[in-house]
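Line by line, the protein sequences are chains Y and B.
Under our numbering, the letters of the first sequence match residues -4 to 416, in that order.
Under our numbering, the letters of the second sequence match residues 39 to 271, in that order.
Reading through the structure tokens given below for one structure.
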Amino acid sequence: MKFLVLVFENIARNPVRTILTSLGTMMLVLVVTLVFTVLTTLDKVTTEKSANIKAIVTEKWQNPSLMPYSYAAGLSAGAADPSDSSAVHPQDSMTWGFFVGSTESNPAKRGYENLFFSFIMEAEKARSMLDNIDALTDEQARPLIDAIKRMKEVRNGVIIGEGRLAKLKKKVGDRITAYGRNYRDINLELEIVGSFPKETAQYTDSAIINRDFFETELDTYKAKNNNKPHPLADKTLSLVWLRVPDRVSFNKLTEQILTAPSFTNPAVKCETSSTGISSFLDAYRDIIWGVRWLLAPACMLVLSLVISNAISISVRERRIEFAVLKVLGFLPWQILTLVLSEALLIGTLSGLLSAGLAYGIINGVWGGLPFPIAFFPKFAVPINCLWWGAAMGAVTAFAGSFIPAITARGVRVSDVFAKVA
Amino acid sequence: MSSSDPCVEVHDVHKSFRRGSEVLDVLNGLNLNVQQGEYVALMGPSGSGKTTLLNLIAGLDRPTTGSIRVHGEEISNMSEGQLAGWRTRSLGFIFQFYHLLPVLSAFRNVELPLLLLPLSASQRRQQVTTALDIVGLSDRMWHRPGQLSGGQQQRVGIARAIVTDPSLIVADEPTGDLDAKSAHEILNLLVELKKTLNKTIVMVTHDPKAAERADRIVHLEKGRLATQTPEFA
């Protein structure tokens, strides 16, 4: 404790340098924290699970996947043969389509601000099948549960994320018209019935519309166009998600689907959600590799150099002081520890502060890190960043200050005072 | 310990430094005894070896050959760790340029050597207050070195040297950076330490007036003891 006070007093000797070193550390820890936030989230979603697996069925040869809606019932049942008693039946299922449009009628004025991106699905499945929402408690998911109830009453209801609501300058209860972009000439009159839970920032820019309502709109289009269906009318099913308990069931389910004669034209494939996301992320593979193996280590190296530079200057300035301490009876290892402790204290506290601010501001104020990649409009900074940040600051401070500390330890009293005299 | 006991015994000490291929002999078979409670001034021209001798007596360097004993302990054979512990307990060092830590108050500067001893905070406070009282700076204990005059800083340096109650104090030109009045006060203080606390003092100085205050003046020349004033048997 008595030495810790000495460490604090030494750090306070040059407040400008300490603050600049601290700010440099905080900036670099912030960059690495943001990088780790994205990488750990992607790692998490692409890590294969051994239980409670979500299987994703998509069109085999085309991206984006556009399957006929007639596939929905059979796939939701896992293509299980009724006569096969050993067939695997999914525990839960969800069909997906995507309606992309705009709330702006004038195509020339359409842009990100008025974008409308919606899942076409059975609204009640949002609670049981959507990633992260399925893990919420009923209390946390209450806004969505209430919204789903309203969706059953209001066929043209829509659930919209808070972020998108803010951009559209709309609130629950308002009505909007969504002008189709992928479904050309399909314009939806919608009533906003609710929003997503705050805990699931990834859906902040998304929306959900009722599958039944959308199919009815396609029928209306057909009726209005001399019984000519919409060009995409038979391609409204993009994905089917199926929940199975374990990998054995998944393998059996995959076999059932791939061997079923009903799903050969177009052919389908079945993969886990992590594999599916991994495949999707293949397009970003080089960027992710660069961020993981070049940017993050480079930041940590620069961070070490920043600390090393500051501590080296400090050690050079304090050669006489270290010699005096040796005269007073301080041992070389005590001087080494003193220098290392100063660096560790600056590094650890700066790292912790940086990560804490990143966690509080990015999650609390921005609702997550806005880094639109794959299906992730925002990334929530994990609570683990608090120890990452502190540990990163500590490790880089240790690495950066080790050589200066060795130099301080090796100060020869007779050399120093010979020069002074 | 009586004043006739030898405190410092330097016996046939040689010290050489190597500069490139050249070997520089700084001390050549030097012998010197300092009694407990004696105040000795080391004088001599630059390069005569007086600071080297002081560093050897303080255990900051080792003789090439020969022996140095302090209170019967052979310090030239001690390990670095043993020497460090010995310096903390048994030696006070006063520097020409004070060398106080600028970020610490006078109190904390004086407390520094005590941090190495197994003392409680209240024991440390008691000893620091006593040391600062002795040098007459108890009213300045929370001032930082930058807020003190040169003379006051040297008093803090002296308090730091005596705070562990060592029997031996070495001083390297303690008045070299001071004006005449401050130098006079510091020399008085050293005499007081010798008289009232029976400290043994070995002081390097270029100033004949400072040296006059000592019990004995030892002149070094070319690494050897040249003369002693008064003649010492």
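Quick reminder that beta carbons are idealized off the backbone N, C-alpha and C, glycines included.
Residue-level contact to chain Y via CB, residue i, 8 Å cutoff
{"i": "Thr265/B", "result": "no"}
{"i": "Gln258/B", "result": "Checking the sequence shown, residue 258/B turns out to be Leu, not Gln. No, its Cβ sits nowhere closer than 8 Å to a Cβ of chain Y."}
{"i": "Phe145/B", "result": "no"}
{"i": "Arg140/B", "result": "The sequence given here has Pro at residue 140/B, not Arg. Yes - at least one Cβ of chain Y is within 8 Å of the one on Pro140/B."}
{"i": "Thr243/B", "result": "no"}
{"i": "Thr126/B", "result": "yes"}
{"i": "Pro183/B", "result": "no"}
{"i": "Asp63/B", "result": "no"}
{"i": "Asp99/B", "result": "yes"}
{"i": "Val46/B", "result": "no"}
{"i": "His52/B", "result": "no"}
{"i": "His222/B", "result": "no"}
{"i": "His49/B", "result": "no"}
{"i": "Arg56/B", "result": "no"}
Chain B within 8 Å of residue i, Cβ atoms only
{"i": "Ala7/Y", "result": "yes"}
{"i": "Phe(-2)/Y", "result": "yes"}
{"i": "Leu326/Y", "result": "yes"}
{"i": "Leu323/Y", "result": "yes"}
{"i": "Ile315/Y", "result": "yes"}
{"i": "Pro10/Y", "result": "no"}
{"i": "Glu4/Y", "result": "yes"}
{"i": "Val319/Y", "result": "yes"}
{"i": "Ile398/Y", "result": "no"}
Local Cβ density within 10 Å of residue i, reported as buried at 16 or more and exposed below that
{"i": "Ser114/B", "result": "buried"}
{"i": "Lys219/B", "result": "exposed"}
{"i": "Phe(-2)/Y", "result": "exposed"}
{"i": "Ile282/Y", "result": "exposed"}
{"i": "Asp177/B", "result": "exposed"}
{"i": "Trp383/Y", "result": "buried"}
{"i": "Met(-4)/Y", "result": "exposed"}
{"i": "Arg206/Y", "result": "buried"}
{"i": "Gln17/B", "result": "Because chain B here runs from 39 to 271, residue 17/B falls outside it and cannot be looked at."}
{"i": "Tyr279/Y", "result": "exposed"}
{"i": "Val11/Y", "result": "exposed"}
{"i": "Leu320/Y", "result": "buried"}
{"i": "Pro59/Y", "result": "exposed"}
{"i": "Ala50/Y", "result": "buried"}
{"i": "Ser190/Y", "result": "buried"}
{"i": "Ile106/B", "result": "buried"}
{"i": "Gln134/B", "result": "buried"}
{"i": "Ala252/B", "result": "buried"}
{"i": "Ala416/Y", "result": "Confidence in Ala416/Y is poor, its pLDDT being 41 and thus under 50, which makes the residue's placement unreliable; the coordinate value appears in the next sentence. It is exposed - the Cβ of Ala416/Y has fewer than 16 other Cβ atoms within 10 Å."}
{"i": "Ser88/Y", "result": "buried"}
{"i": "Gly363/Y", "result": "buried"}
Cβ-Cβ separation, residue j to residue i (assumed contact under 8 Å), whole Å
{"i": "Val64/B", "j": "Thr103/B", "result": "The pair is not a contact, with the Cβ atoms about 13 Å apart (cut-off 8 Å)."}
{"i": "Ile187/Y", "j": "Lys165/Y", "result": "6 Å"}
{"i": "Asn147/B", "j": "Arg100/B", "result": "With 8 Å as the limit, Asn147/B and Arg100/B do not qualify as a contact, their Cβ atoms being about 28 Å apart."}
{"i": "Thr41/Y", "j": "Leu276/Y", "result": "7 Å"}
{"i": "Pro63/Y", "j": "Lys230/Y", "result": "7 Å"}
{"i": "Ala82/Y", "j": "Ile252/Y", "result": "About 11 Å; that fails the 8 Å criterion."}
{"i": "Ile196/B", "j": "Ile132/B", "result": "6 Å"}
{"i": "Glu119/Y", "j": "Ile143/Y", "result": "5 Å"}
{"i": "Lys104/Y", "j": "Val263/Y", "result": "Going by Cβ atoms, the distance from Lys104/Y to Val263/Y rounds to 39 Å, so no, they are not a contact pair."}
{"i": "Pro85/Y", "j": "Val239/Y", "result": "6 Å"}
Listed by chain order, chain C residues near residue i by CB distance under 7 Å
{"i": "Asn93/B", "result": "You won't find chain C in this structure, because its protein chains are Y and B."}
Exercise for the section: Identify each residue in the segment 277 to 307 of chain Y for which the Cβ-Cβ distance to at least one residue of chain B is less than 8 Å, and report them in chain order. Expected result: none
Practice task
Would you list, in chain order, the members of the segment 106 to 122 of chain B that have their beta-carbon closer than 8 Å to a beta-carbon of chain Y?
Solution key: Glu118, Gly119 and Ala122
Handout entry: the segment 190 to 200 of chain Y / the segment 127 to 135 of chain Y touching (three or more Cβ pairs under 8 Å)
Key = yes
Exercise for the section: Check whether the segment 77 to 84 of chain B touches the segment 240 to 258 of chain B, counting contact only when three or more Cβ pairs, one atom from each stretch, lie closer than 8 Å. Expected result: yes
Handout entry: Cβ contact (3+ pairs, closer than 8 Å) linking the segment 143 to 163 of chain Y and the segment 100 to 118 of chain Y
Key = yes
Exercise for the section: Kindly confirm or deny that the segment 184 to 191 of chain B and the segment 350 to 367 of chain Y touch, where touching means at least three C-beta pairs closer than 8 Å. Expected result: no
Practice task
Please determine if the segment 176 to 184 of chain Y and the segment 81 to 100 of chain Y are in contact, where contact requires at least 3 C-beta pairs separated by less than 8 Å.
Solution key: yes
Exercise for the section: Output, in sequence order along the chain, the residues in the segment 150 to 161 of chain B whose CB is closer than 8 Å to any CB in chain Y. Expected result: Leu150, Pro151, Leu153, Leu154 and Ala159
Handout entry: Three-pair Cβ contact test at 8 Å for the segment 335 to 351 of chain Y versus the segment 54 to 69 of chain B
Key = no
Practice task
Give a yes or no on contact between the segment 396 to 407 of chain Y and the segment 307 to 326 of chain Y, applying the rule of three or more CB pairs nearer than 8 Å.
Solution key: yes
Practice task
Count the CB pairs spanning the segment 384 to 401 of chain Y and the segment 297 to 309 of chain Y that are closer than 8 Å, and state whether there are at least three.
Solution key: yes
Problem - Stretch pair the segment 16 to 32 of chain Y + the segment 218 to 227 of chain Y: three plus CB contacts closer than 8 Å - result: no
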